[in-house]
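Worksheet: one structure, shown below.
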Amino acid sequence: MLILPLHKPLTRENFPLATMLLVLVNVVAFFGFQSGDRDALAEAQRYYVESGLGRYEAPAYARYLQSTGRGDEAAELAELPEKRRIVQVGRATLTDIRFIDTLQGGTLFADADAAQAWRPLRADYDRLLGDVFTLRYILRSSEWSPLRMLSSAFLHADMMHLIGNMLFLVALGVLLEGAIGPSRFLGVYLLGALGASAASLAWRWGEVGGGLGASGAVAALMGAFCVVWGRQPVRFFYWFGVVFDYVKAPAIWLLPAWLGWEVYNLWTNEEAGIGFDAHAGGLVCGALTGAVLVTTGQLRRDYIDDAATVVAGDDRWERALRHLGRMENRQAEALLDELAGERPHDFGIAMARYRAARNEGRAQIAAQRAIDVLRLQAGDLAQVQAQQGLVGELAGSGALAADVQDGLVSRWIELGQVQSAEALLSQAGAELSRADQARQWFRLALGYGTQCDDEQRARILRDVAARYSDLPQAEKARFLLNNA
């Protein structure tokens, strides 16, 4: 089952800084600190087998299993060939802290000589395990460690584990961080990580194993989102087997759906190797934290209300789109004009008004509405491409005034769409004054520099220095070229 709220697109206006900071920390932890763990762990396990350490610990582990009432596991191990048995014990005991503690006491060995021979081998093995970053910070069942309870929320088992959690983190961050602010959002994440870990420890106390991943903390964001947005209808994507679609429903309805799914799997899918206990604990922790925020009035109500005005507040937007699809342009325009008055900066509404006028063949009104779209801040590449199409349609008509071009170039550079900005400057920039041309070409060079494209940056700086030699930007360009 997949339920993902996709109610608001990610734009510069609602860019979730705290969310992206958390994404960065998780990514750096995985690619920076965990990147060498596979090789380090393989080296430690190879030592475990080849040094002879496993020959001492395998029978000790069998005695430990018998003494703790796990005789069936001991019998299964005894049936394995010796080398395979040693490998299995080495893996099984990585997070079995009770076994390690008992082993240190020396009571599990056949005699004192075996214990004495074991100690230096184990010391070397522990040093090798110390090089495995993940093992130092993973949550271990049956161990109360606040540091590990928190640090494990920034570790991941593999690439897909990371990508899945970060996808949910960004989707929820756009909605929740905007509604409660970045500092409270970070608080929900960190408290959720602790709450999810505590729930996992409570559920698995006495077991052997470990847990890692941001999913418990992300589940807390889910719970907080449901309570903070409450009965406000939101748009979300769902996927059950082969059935998937977008639908709108009050945010609070997602809480029992999410929680019920985690609890169901916790009881019926125990062998999946997924922390359903941590997910459920995170959801509850996040919902309680969200309730506190709601009760104490720590919400950005305008963000929640504004987000729902068109998409979920009523059906005017859907009706307008249906009219457009049937070429009922006049009916669509009546609805779109109302919505445009309420949300003058909504890109989708502005584009729909342009299409309605164009479909009706009203060229002059369509051109003006195209200009209205071009004056808006594009939020993503798709919107930039839509504006590029409008620029192409208006080319040669005289409707594309210099200030519109200037604004487009500035906004596209800010958005990182430097190639699009350069294409517009090359095609239509002649209508700008020389001073404005020099200013925008120089900004474009800096934009390429921001993207670490030194070759394109140098190319444009040289062009600015040659073409606008009498303007201040030429001197700046020469300075940057000489000091590159």
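With numbering that gives the first Met the number 0, the residue at position 320 of the sequence shown is 319, and numbering never jumps.
For each residue, glycine too, the CB sits at the ideal point set by N, CA and C.
query	result
Using 8 Å for Cβ pairs, my map puts G324 next to L220. What's the rounded Cβ distance?	Between L220 and G324 the Cβ distance is about 36 Å, and since that is not below 8 Å, they are no contact.
Give the secondary structure of P255 by DSSP, where H, G and I count as helix, E and B as strand, and everything else as coil.	helix
In the DSSP assignment, find the beta strand (DSSP E) that holds Y237 and state where it starts and stops.	P232 to F239
Please state whether DSSP places Y245 in a helix, a strand or coil.	strand
Can you tell me whether D469 is buried or exposed? The criterion is at least 16 other CB atoms within 10 Å of its CB, across all chains shown.	exposed
Which same chain residues, not among the five before or five after A369, have their C-beta less than 7 Å away from its C-beta?	Y353, L389, E392 and L393
Is V226 near the ligand SAM, with its Cβ less than 7 Å from a heavy atom?	What this structure holds is no ligand at all, so the ligand SAM is not there to describe.
Does the contact criterion of 3 or more C-beta pairs under 8 Å hold for the stretch 256 to 269 versus the stretch 190 to 200?	no
So within the stretch 68 to 135, which uninterrupted beta strand (DSSP E) runs reach at least 3 residues, ignoring any that extend past its ends?	none
Can you have a look at A279 and say buried or exposed, based on whether 16 or more other CB atoms are within 10 angstroms of its CB?	buried
For L40, I'd like the list of residues in its chain whose CB is within less than 7 Å of its CB, leaving aside the five on either flank, ordered along the chain.	V131
What does I2 pair with, by DSSP beta-bridge criteria?	Y237
Could you check whether the stretch 438 to 453 touches the stretch 463 to 480, counting it as contact only if at least three pairs of C-beta atoms, one from each stretch, sit closer than 8 Å?	yes
Nearest-angstrom Cα distance between A498 and Y245?	In the structure as shown, the chain begins at 0 and stops at 483. Residue 498 is therefore absent and cannot be evaluated.
Is W238 buried or exposed, if buried means 16 or more other CB atoms sit within 10 Å of its CB?	exposed
For R11, which of helix, strand or coil comes out of DSSP?	coil
Give the list of continuous alpha helix (DSSP H) stretches no shorter than 4 residues that lie fully inside the stretch 368 to 430.	380 to 393, 401 to 413 and 417 to 427
With distance defined between alpha-carbon atoms, name the residue in E42, G229 and L253 nearest to R126.	E42
Nearest-angstrom Cα distance between E81 and V291?	57 Å
Could you check what DSSP says for F478 in three-state terms: helix, strand or coil?	helix
Would you say L5 and A170 are within 8 Å of each other, going by their C-beta atoms?	yes
For R299, which three-state DSSP category applies?	coil
Below 8 Å, how does it come out for the stretch 61 to 74 and the stretch 19 to 29: are there three or more Cβ pairs, yes or no?	no
Count the CB pairs spanning the stretch 106 to 121 and the stretch 155 to 164 that are closer than 8 Å, and state whether there are at least three.	no
Quick one: using the 10 Å Cβ neighbour count with 16 as the cut-off for buried, is A362 buried or exposed?	exposed
Comparing C-alpha positions only, which one of R234, G240 and A223 sits nearest to L254?	A223
Checking the sheet assignment: what are the DSSP bridge partners for G210?	L138
Using the C-alpha atoms, what's the distance from L93 back to I516?	Examination of residue 516 is not possible in this model, given that the chain is present from 0 through 483 alone.
So what does DSSP say about P343, is it helix, strand or coil?	coil
Roughly how many whole angstroms lie between the Cα atoms of L471 and S409?	Here residue 471 is Pro; the residue named in the question, Leu, does not match the sequence. Cα to Cα, P471 sits roughly 19 Å from S409.
Relative to the C-alpha of I303, which residue among N13, L3 and I2 is closest?	N13
Output the boundary residues of the alpha helix (DSSP H) element that contains N25.	L16 to V27
Taking DSSP as the reference, what is the three-state secondary structure of N264?	helix
So, at 8 Å on beta carbons, what are the nonlocal neighbours of V88 in its own chain, with the 5 sequence-adjacent residues on each side left out?	G53, E56, A57, Y60 and L76
Could you tell me the distance, in whole angstroms, from the CA atom of E269 to the CA atom of A277?	13 Å
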